[in-house]
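A.B. asks:
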Amino acid sequence: MEKSRFSAIALLVLLEYVGGSLVPHEDRSVVDLLHVCNGGRWGEWHSPKFCPQSTYAIGYYIQVETPDGDDTALNNIMLMCGCRDGSVGVTVSSGFGPFGSSNKHMLCPRVSGEAQFMVEFLLKVQPDQGLNGDNTAANDIKFKCGSLKTGSGAASVIHAPGGTEWGNWSQTWSNRCPEHSAICGIKTKIESWQGSRTDDTSLNDVKFYCCDD
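Letter by letter, the sequence shown follows residues -20 to -1, 1 to 193 in mature numbering (1 follows the signal peptide of the UniProt record, and there is no 0).
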């Protein structure tokens, strides 16, 4: 890794820690932070959660509220942690909203017998609907999977079911985890319940951590 890139990543992680939003990495070797630019504006960032050491995001599923008056759409993103051999272990998530139900999971496919892991993401977000509109913020998410060994080559796209129709996908994919690393942690921006007479949005934005350990 180039010295300038390493310094930028270290500074980013340090700034997040100083801001009080980053908990210890549970002995994970974090090498990058993935983000997109179209996240919703409401809510607060929650503490990140990480897969156990030497495991990475191999799949995911989402919790979504189906259309029901004051809609919130995407409420939670759950990462399924997997070992390098492709075996699936625990599931982790950051902050989440109280509405909706979980949907079927989706795993990264094997390529030539080798397990793949999540390395990029795309977020679907509804723009601000104005004072009298029903805002939903984040509505759906999908990922690209890649190899921990090579860190290169064509990536498989996985898209778990359950996302809603509102909003637009970010114009570009997030930055990609560096070579020999994959997504290992998640941090979400959640608007808490606003009361029965106020518009709710729940999950607004998300960031993912890349690890190489």
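The C-beta atom is built at its ideal place from N, Cα and C for all residues, glycine as well.
1. Going along the chain, which residues of its own chain have a beta-carbon closer than 8 Å to the beta-carbon of Asp192, five neighbours each way excluded?
2. Rounded to the nearest angstrom, how far is the Cβ of Ile38 from that of Ile121, given a contact under 8 Å?
3. Counting Cβ pairs, one atom from each stretch, are 3 or more of them under 8 Å apart for the stretch 148 to 157 and the stretch 11 to 22?
4. If you count every other CB in all the chains shown that lies within 10 Å of the CB of Val3, and 16 or more means buried, which is it?
5. Tell me whether the beta-carbon of Ile163 lies closer than 7 Å to the beta-carbon of His26.
6. Compare the C-alpha of Phe76 against each of Met86, Tyr189 and Asn184 and name the closest.
7. Using only the alpha-carbon positions, how far apart do Ile138 and Asp48 sit?
8. With respect to the beta strand (DSSP E) encompassing Asn99, which residues constitute its N-terminal and C-terminal limits?
9. How should Gly165 be labelled, buried or exposed, when 16 other C-beta atoms within 10 angstroms of its C-beta is the threshold for buried?
10. If you compare alpha carbons, which of Lys187, Lys104, Thr130 and Asp180 is closest to Lys167?
11. By the three-class DSSP mapping on this structure, what secondary structure does Leu14 have?
12. Note down, in chain order, each residue of its chain lying with its Cβ closer than 8 Å to the Cβ of Ser34, except the 5 sequence neighbours on either side.
13. Under 8 Å by Cβ, that's how I've got Gly80 and Val44 pegged, so tell me the actual separation to the nearest angstrom.
14. Look at the alpha carbon of Ala117 and the alpha carbon of Ser172, and state the distance between them as a whole number of angstroms.
15. Applying the 10 Å Cβ sphere with the 16-neighbour rule, what's the burial state of Thr144?
16. Going by DSSP in three states, Trp146 sits in which element: helix, strand or coil?
17. Spatial neighbours of His85 within its chain, please: CB distance less than 7 Å, with the 5 preceding and 5 following residues excluded, ordered by chain position.
18. Please classify Asn119 as buried or exposed, where buried requires at least 16 other C-beta atoms within 10 Å of its C-beta.
19. Within 10 Å of its beta-carbon, does Pro28 have 16 or more other beta-carbons around it, so buried, or fewer, so exposed?
20. What is the rounded straight-line gap between the Cα of Asn115 and the Cα of Ser92?
21. Which class does Trp153 belong to by DSSP, given the choice of helix, strand or coil?
22. In this structure, does DSSP put Ala37 in helix, strand or coil?
C.D. replies: In brief:
1. Start at 1 with the first residue of the sequence shown, and residue 192 comes out as number 212. Answer for Asp192: Ser9, Val11, Pro158, His160 and Ser161, listed in chain order.
2. Along the sequence shown, one-based indexing puts residue 38 at 58. Along the sequence shown, one-based indexing puts residue 121 at 141. At roughly 16 Å, the Cβ-Cβ gap does not stay under 8 Å, so Ile38 and Ile121 are not in contact.
3. yes
4. What you label residue 3 is simply residue 23 of the sequence shown in a count that begins at 1. Since pLDDT at Val3 reaches only 44, below the 50 mark, its modelled position is unreliable, and no value is offered.
5. In the sequence shown, counting from the first residue as 1, residue 163 sits at position 183. In the sequence shown, counting from the first residue as 1, residue 26 sits at position 46. No, the Cβ-Cβ distance between Ile163 and His26 is not below 7 Å.
6. As a working mapping, residue 76 is identified with position 96 in the sequence shown. Here the closest residue by C-alpha is Asn184.
7. If you number the sequence shown from 1, residue 138 lands on position 158. If you number the sequence shown from 1, residue 48 lands on position 68. Near 27 Å, if we compare the C-alpha coordinates of Asp48 and Ile138.
8. For the purposes of this step, residue 99 is taken as residue 119 along the sequence shown, with counting starting at 1. According to the sequence as given, residue 99 is Val; it is not Asn. Where Val99 is concerned, the enclosing beta strand (DSSP E) stretches over Phe97 to Val105.
9. Position 185 of the sequence shown holds residue 165. Buried: at least 16 other Cβ atoms inside 10 Å.
10. As a position in the sequence shown, residue 167 is number 187, starting the count at 1. Nearest of Lys187, Lys104, Thr130 and Asp180 to Lys167, Cα basis: Lys187.
11. Taking the sequence shown and counting its residues from 1, the one referred to as residue 14 is at position 34. Of the three classes helix, strand and coil, the one that applies to Leu14 here is strand, per DSSP.
12. Walking along the sequence shown from the start, residue 34 turns up at place 54. Correct list, in chain order: Cys63, Arg64 and Asp193.
13. Within the sequence shown, numbered from 1, the residue matching residue 80 stands at position 100. Within the sequence shown, numbered from 1, the residue matching residue 44 stands at position 64. About 5 Å separates the two Cβ atoms, so the contact holds.
14. Start at 1 with the first residue of the sequence shown, and residue 117 comes out as number 137. Start at 1 with the first residue of the sequence shown, and residue 172 comes out as number 192. Using only the alpha carbons, I get a separation of about 13 Å.
15. If you number the sequence shown from 1, residue 144 lands on position 164. By the neighbour-count rule (16 or more Cβ atoms within 10 Å), Thr144 is buried.
16. Residue mapping note: residue 146 aligns to position 166 of the sequence shown, counting from 1. In this structure, Trp146 counts as coil in the three-state DSSP scheme.
17. Working through the sequence shown from its first residue, we reach residue 85 at position 105. Taken in chain order, the residues that qualify are Gly39, Tyr40, Tyr41, Met60 and Ala140.
18. Translated into the one-based positions of the sequence shown, residue 119 becomes position 139. Classification of Asn119: buried, given that the 10 Å Cβ count is 16 or more.
19. Counting from 1 along the sequence shown, the entry for residue 28 is found at position 48. The residue is buried, with at least 16 neighbouring Cβ atoms inside 10 Å.
20. Stepping through the sequence shown from its first residue, residue 115 is reached at position 135. Stepping through the sequence shown from its first residue, residue 92 is reached at position 112. Between Asn115 and Ser92, the C-alpha separation is close to 43 Å.
21. Residue 153 sits at position 173 when you count from the first residue of the sequence shown. Three-state result, Trp153: coil.
22. Residue numbering aside, residue 37 sits at position 57 when the sequence shown is read from its first letter. Reduced to three states, the DSSP call for Ala37 is strand.
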